[in-house]
Amino acid sequence: MVMSLNELLLDGLASCRPSGGQCVEQAVKRTLRRGASTSALATNTQRLAVISAMYGVTTSRAWLAHVCAHAQPEDTGLSVEQRRRAADARILAAFLFHGPIQHIDRDQMLRLVDTTALLPAPQLARIREVDLDSMWWPSQPVPRIALEFSLPTALVRRWSAVLPRGEVEALAAVCGAPGPTTLRANLHKCSRAELARQLRGSGISVREGALAPTALSLEGSRATWGGSVWSLPQWKEGLCEVQDEGSQYVALATEAAEGDVVLDMCAGNGGKTLALAAMVGVSGCVVSHDVVERRLAALRASSVRAGVSAQVMAPSCSSWPDSDLHRTSMSY
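Going by the UniProt record's numbering, the final residue of the sequence shown carries number 332, and the count climbs one at a time with no gaps.
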């Protein structure tokens, strides 16, 4: 079965509607797998378009619906499911014309997605022509901020009870903004300073993290990095891992030290496990577990690349360390 990119995107957006019951991370992974199996996604640029659209629509859905409302949508004569599909198409169109597109530029996105097949031409034109500067907004700050940043009104109300309006707006903006691409220097192989030196030598600008002494955030985009972050020689050589600074700080908060035995009960793909393995050193051990067994297989491969496979154990190992498991890293 061959699908168009439009069909793939609309199916993906339907699966992560507020009432769809699937979180956007799961929906994106499923959509990418489906796109590969149906030939809808043949290039990295197409995959980036799916990622940008699904995350962008999800984090801006209320604002995008507000834009669509100004375009006077027409749903007469449609069934309930047809109305939902049409609403998804309108929101996708609003995102393509006005939304916060990441990873690729808007012109690329508009070349990839056939907007003329999304909606009738008059509806499409009205969405394209919405003047964002003249849209109506609620007069009260709480509902306005909630709508502008697509956040729950109850959450914004609680923030507003303890923070001045400027800080509430700044916090709301951060919640919807994409996080930086951050690397963790693998201290088992190199220091953060050495990793920064190598990256800058390759023409990549980096910024040191404020909380984690292992964190380096990449500045610029894929174009300035020479492609995907996973194509960096430093990642391939195990000198670094892709990990947000918050996760790095969680690993540091365990205060794991040389020779410790650490139990990671929610290892996932192993980002914190690998960080802990570098902290405990060759005389220590990290025992990893996850309810999704296939994630542990990916962890084993990553531990080899990072040079810490001797420190990482999985539940399938036949023997457990003799010393007490006196530190625990729980990830949520």
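For glycine and all other residues, C-beta sits at the position ideal for the given N, C-alpha and C.
From a predicted model like this one, the values you see are computed outputs, not experimental measurements.
Can you tell me which of the three DSSP states GLU241 falls into?
-> Along the sequence shown, one-based indexing puts residue 241 at 241. DSSP places GLU241 in strand when its eight states are reduced to three.
Rounded separation between CYS285 and VAL262 - CA only = Mapped onto the sequence shown, residue 285 falls at position 285. Mapped onto the sequence shown, residue 262 falls at position 262. Near 6 Å, if we compare the C-alpha coordinates of VAL262 and CYS285.
Could you check how far apart the C-beta atoms of ALA267 and LEU299 are, in whole angstroms? I think they sit under 8 Å.
-> The residue given as residue 267 occupies position 267 in the sequence shown. The residue given as residue 299 occupies position 299 in the sequence shown. In this structure, ALA267 and LEU299 form a Cβ contact; the two beta carbons are roughly 6 Å apart against a cut-off of 8 Å.
CA nearest to the CA of CYS23, picked from ALA42, ALA117 and TYR55 = By one-based count along the sequence shown, residue 23 stands at place 23. For CYS23, the nearest C-alpha among the options comes from TYR55.
Residue range of the alpha helix (DSSP H) that includes LEU296 = Here residue 296 is taken as the residue at index 296 of the sequence shown, counted from 1. Counting along the chain, the alpha helix (DSSP H) containing LEU296 begins and ends at 293-306.
Is residue 333 buried or exposed, if buried means 16 or more other CB atoms sit within 10 Å of its CB?
-> With the chain covering only 1 through 332, there is no way to say anything about residue 333.
Could you tell me how far apart the beta carbons of ARG30 and LEU8 are, in whole angstroms, since I believe they sit closer than 8 Å?
-> Numbered from 1 along the sequence shown, position 30 holds the residue referred to as residue 30. Numbered from 1 along the sequence shown, position 8 holds the residue referred to as residue 8. Actually they are not in contact, since the Cβ atoms of ARG30 and LEU8 sit about 11 Å apart, beyond 8 Å.
Residue environment, LEU199, which counts as buried when at least 16 other CB atoms sit within 10 Å = The residue you call residue 199 lines up with position 199 of the sequence shown. Under this definition LEU199 is a buried residue.
Taking Cβ positions, are ALA161 and THR153 nearer each other than 8 Å?
-> Position 161 of the sequence shown, counting from 1, holds the residue named residue 161. Position 153 of the sequence shown, counting from 1, holds the residue named residue 153. Not a contact, by the Cβ cut-off of 8 Å.
Who are the near neighbours of GLY176 in its chain, counting only those whose CB is closer than 6 Å to its CB and skipping five residues on each side?
-> As a working mapping, residue 176 is identified with position 176 in the sequence shown. Non-local C-beta neighbours of GLY176 in its own chain, meaning closer than 6 Å and more than five positions away in sequence, comprise THR59 and PHE149, ordered along the chain.
Determine the direct distance from the alpha carbon of SER15 to that of ALA256, and round the result to whole angstroms.
-> In the sequence shown, the residue the question calls residue 256 occupies position 256. In the sequence shown, the residue the question calls residue 15 occupies position 15. C-alpha separation (whole angstroms): 40 Å.
Indicate the three-state DSSP secondary structure (helix, strand or coil) for ASP264 in the structure shown.
-> By one-based count along the sequence shown, residue 264 stands at place 264. Note: ASP264 maps to strand in three-state DSSP.
What are the boundary residues of the beta strand (DSSP E) that LEU118 is part of?
-> The residue labelled residue 118 in the question sits at position 118 within the sequence shown. First-last for LEU118: undefined, no H or E at that position.
Please report how far the alpha carbon of SER303 lies from the alpha carbon of VAL229, in whole angstroms.
-> Stepping through the sequence shown from its first residue, residue 303 is reached at position 303. Stepping through the sequence shown from its first residue, residue 229 is reached at position 229. SER303 and VAL229: Cα-Cα distance of roughly 18 Å.
Per-residue DSSP class, three states only, for ALA314 = Translated into positions along the sequence shown, residue 314 becomes position 314. ALA314: coil per DSSP, three-state reduction.
Cα separation between GLN243 and ALA185?
-> Reading the sequence shown from its first residue, position 243 is the one you call residue 243. Reading the sequence shown from its first residue, position 185 is the one you call residue 185. Approximately 10 Å, taken between the alpha carbons.
Who are the Cβ neighbours of CYS68 in its own chain at under 7 Å, not counting the five residues just before and after it?
-> The sequence position of residue 68 within the sequence shown is 68, counting from 1. The residues are ARG90, ILE91, ALA94 and ILE127.
DSSP three-state call for GLU194: helix, strand or coil?
-> The residue given as residue 194 occupies position 194 in the sequence shown. It is helical.
Under a Cβ-count criterion, where at least 16 other Cβ atoms within 10 Å of its own Cβ denotes burial, should GLN46 be classed as buried or exposed?
-> Looking up residue 46 in the sequence shown gives position 46. Under this definition GLN46 is a buried residue.
Counting only the same chain and skipping the five closest in sequence on each side, list residues whose C-beta sits under 8 Å from that of ARG192.
-> Reading the sequence shown from its first residue, position 192 is the one you call residue 192. Here the set comprises ALA185, GLU208, PRO213, THR214, ALA215 and LEU216.
Which residues in the same chain have their Cβ closer than 7 Å to the Cβ of ALA310, if we skip the five residues on either side of it in sequence?
-> By 1-based counting over the sequence shown, the position of residue 310 is 310. Result list for ALA310: VAL282, in chain order.
Count the other CB atoms, across all protein chains shown, that sit within 10 Å of the CB of SER247; report buried if there are 16 or more and exposed otherwise.
-> In the sequence shown, the residue the question calls residue 247 occupies position 247. With 16 or more other Cβ atoms within 10 Å, it is buried.
Since MET109 and SER52 are thought to touch, with beta carbons under 8 Å apart, how far apart are those beta carbons, to the nearest angstrom?
-> Walking along the sequence shown from the start, residue 109 turns up at place 109. Walking along the sequence shown from the start, residue 52 turns up at place 52. Contact holds; Cβ gap of about 7 Å.
If you drop the 5 nearest sequence neighbours on each side, which residues of the same chain put their C-beta closer than 7 Å to that of ASP88?
-> The sequence position of residue 88 within the sequence shown is 88, counting from 1. For ASP88, where only same-chain residues beyond five positions count, the Cβ hits under 7 Å are LEU10, LEU13 and ALA14.
Have a look at MET330 and GLU74 and give me their C-alpha separation to the nearest angstrom.
-> Within the sequence shown, numbered from 1, the residue matching residue 330 stands at position 330. Within the sequence shown, numbered from 1, the residue matching residue 74 stands at position 74. Low confidence applies to MET330: its pLDDT is 46, below 50, so where it sits in the model is not reliable enough to give any reading.
Cβ-Cβ distance between LYS189 and LEU239 below 8 Å = On the sequence shown, position 189 is the one that residue 189 refers to. On the sequence shown, position 239 is the one that residue 239 refers to. Yes; because the gap between Cβ atoms is below 8 Å, this pair is in contact.
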